[in-house]
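Numbering (our numbering), first residue to last: 227 to 771.
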Ligand code: TNX
């Protein structure tokens, strides 16, 4: 028996009734839905990113039109929320109104059904597309949300206006069975070197969600700025939030704004990971509260690009009280499981002091119910295995030590995964201390095998950090992030055997209608054949000439 039929046979009685009622209401009424003769389709060649695990074609297609409705399982609010999200996106993109859970006894619909199916993994989903229905099965609303992104990517950006008196968007028929390779597929924004307001971050979240990424790490503090309101220490933002690289005015998130961002991410099944970088990268904190650095001096605000010159006073109890307050306030606003403590480039902190400091901060994070993450330097400190080390440096000693201690590793090797590395020597923005990272190089590596020191079982996932020393506008941010971010989304989701640059780049070029619609200022790398895009759109360009 195939996996598919095995799963269908497990569908419970209430769900069968739910489906049958939907279909019966269709059969029992006059007039019937118009029969449309649809063109041949090819689901297996659709330009999906990340590439799904398994796709099977079927000689059928689904006509998305004003006769379509979304039905979600009754009494499951989270599933209804996912249905509403899909409906809103179709409204925005196709300008088509699709009702969610309409009364199907008064009107006739072809249904998109979101069906809760126990026994599947957290983010696993199955999409079965035929001429009269789309069935999206998952155990959780999160799984349904990931499947909805696949469906969105399958809807052509142009309607076919020759099939009926009204616009029809032809969705290719077949079955997709899909689930992620890694549980953590993330991006990081450095909002400290340059501040980006919540509308910019929301746009990034929209795009991450479309490509099934599920964690956004916010680098909230650094030498050049403190970006989150802490009510018990108000000068952090009153003073420390007012600067950024280059001397422009900085900015910060009020707690209300941060909560709004967390909720916006949550609606997209993305978890925010807040980072307060310490004991280094703390000049902005010490400008606000000079006692923190322990050297008796009030530091000047810093707007340059150097690293490694600041430290907290590791032997002062009031410093740990300060940290306790910061971790407590941010943790209370953050429903996700992780709290990032930075810990990188603490060159101004003697090694023994660094170890002492990290060992005192890790329990504070645990006290507020969070799992500590640190940059790979934390791997050098003897810690329990619940701490996550984020691999960034070429020197593998730190991650090797972390893996020996049983810590999980988040893969962000700078040579491959740093979005702030320039594409090439003529790139307008970015740094190149680790490497130039052209679009193909960003994609053609395997987190699974990148480092022999890190066993596959220790890898939590992949994250692409975007440091912001050289970028200050959303357009500049997008130039560095796109199209490379999509490659990291695929590395996190698609198993290695299914990945190929030749295949990926042809799917990548077909993302341009989406990029244009969202006005994403992507870098049109010459390693990708963008010009051929129009003639290569089997689904996305089925308007008859
Ligand atoms: C290293 S990566 C840093 C950041 C810089 C970045 C620039 C890491 C943990 N620390 O402070 O912004 O390089 O590429």
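Cβ coordinates follow ideal geometry from the N, Cα and C atoms, glycine included. Keep in mind that this is a model prediction, so the values were computed, not measured.
Can you give me the C-alpha to C-alpha distance between residue i and residue j, rounded to a whole angstrom?
i: residue 420; j: residue 387; result: 46 Å
i: residue 541; j: residue 402; result: 56 Å
i: residue 619; j: residue 513; result: 29 Å
i: residue 430; j: residue 258; result: 43 Å
i: residue 314; j: residue 381; result: 14 Å
i: residue 722; j: residue 634; result: 20 Å
i: residue 487; j: residue 428; result: 7 Å
i: residue 295; j: residue 351; result: 20 Å
i: residue 699; j: residue 646; result: 14 Å
i: residue 253; j: residue 359; result: Per-residue confidence for residue 253 stands at a pLDDT of 46, beneath the threshold of 50, marking its modelled position as unreliable; the derived number appears in the next sentence. For residue 253 and residue 359, the distance between alpha carbons rounds to 13 Å.
i: residue 334; j: residue 264; result: 20 Å
i: residue 312; j: residue 678; result: 42 Å
i: residue 732; j: residue 282; result: 19 Å
i: residue 340; j: residue 368; result: 11 Å
i: residue 318; j: residue 622; result: 46 Å
i: residue 749; j: residue 664; result: 10 Å
i: residue 739; j: residue 547; result: 51 Å
i: residue 708; j: residue 666; result: 12 Å
i: residue 778; j: residue 291; result: This structure does not reach residue 778, given that the chain is present from 227 up to 771, and the question cannot be answered.
i: residue 463; j: residue 637; result: 31 Å
i: residue 597; j: residue 515; result: 27 Å
i: residue 725; j: residue 717; result: 8 Å
i: residue 746; j: residue 475; result: 25 Å
i: residue 550; j: residue 734; result: 45 Å
i: residue 774; j: residue 433; result: Residue coverage of the chain in this structure runs from 227 to 771, which leaves residue 774 outside it and unanswerable.
i: residue 251; j: residue 336; result: With a pLDDT of 48 at residue 251, under the threshold of 50, the modelled position of that residue is not reliable, and the figure given next carries that caveat. So the two alpha carbons sit approximately 10 Å from each other.
i: residue 480; j: residue 261; result: 54 Å
i: residue 357; j: residue 640; result: 47 Å
i: residue 594; j: residue 330; result: 48 Å
i: residue 397; j: residue 713; result: 25 Å
i: residue 522; j: residue 543; result: 16 Å
i: residue 694; j: residue 569; result: 18 Å
i: residue 566; j: residue 268; result: 44 Å
i: residue 300; j: residue 307; result: 12 Å
i: residue 440; j: residue 572; result: 29 Å
i: residue 270; j: residue 355; result: 12 Å
i: residue 467; j: residue 590; result: 24 Å
i: residue 715; j: residue 520; result: 42 Å
i: residue 744; j: residue 496; result: 19 Å
i: residue 500; j: residue 424; result: 14 Å
Flag residue i as yes when its Cβ comes closer than 8 Å to any non-hydrogen atom of the ligand TNX, and as no otherwise.
i: residue 352; result: no
i: residue 507; result: yes
i: residue 773; result: The question about residue 773 has no answer, for the chain in this structure spans 227 to 771.
i: residue 202; result: Summary: the structure shown does not reach residue 202, with the chain confined to residues 227 through 771, and so no result is reported for it.
i: residue 659; result: yes
i: residue 691; result: yes
i: residue 647; result: yes
i: residue 323; result: no
i: residue 571; result: yes
i: residue 644; result: yes
i: residue 710; result: no
i: residue 405; result: no
i: residue 695; result: yes
i: residue 448; result: yes
i: residue 452; result: no
i: residue 416; result: yes
i: residue 640; result: yes
i: residue 419; result: yes
i: residue 601; result: yes
i: residue 719; result: no
i: residue 618; result: yes
When the cut-off is 9 Å and only beta carbons count, does residue i lie next to chain B?
i: residue 477; result: Looking for chain B here will not work: only one protein chain is present.
(request) Quick one: which unbroken alpha helix (DSSP H) runs of 4-plus residues sit fully inside the region 374–429? Chain order, please. (result) none
(message) Under 8 Å: do the region 410–421 and the region 369–377 share three or more Cβ pairs, one atom per stretch?
(response) no
(message) Just to confirm the assignment: which complete alpha helix (DSSP H) runs, minimum length 4, are found wholly within the region 512–579?
(response) 543–559
(request) May I ask you to verify whether the region 552–559 touches the region 451–464, counting CB pairs closer than 8 Å and requiring at least 3? (result) yes
(request) Note down, one range per segment and in chain order, each alpha helix (DSSP H) of at least 4 residues found wholly within the region 635–707. (result) 640–643, 665–669 and 700–707
(request) Flag this pair as touching only if the region 320–328 and the region 343–357 have three or more C-beta atom pairs under 8 Å; answer yes or no. (result) no
(message) List, from N- to C-terminal side, the alpha helix (DSSP H) runs of 4 residues or more that fit wholly inside the region 282–346.
(response) 303–320
(request) Specify whether the region 568–585 and the region 489–509 touch according to this definition: at least 3 beta carbon pairs, one from each stretch, less than 8 Å apart. (result) yes
(request) Would you mind listing the beta strand (DSSP E) stretches within the region 467–517 that are 3+ residues and don't spill past its ends, in chain order? (result) 497–504
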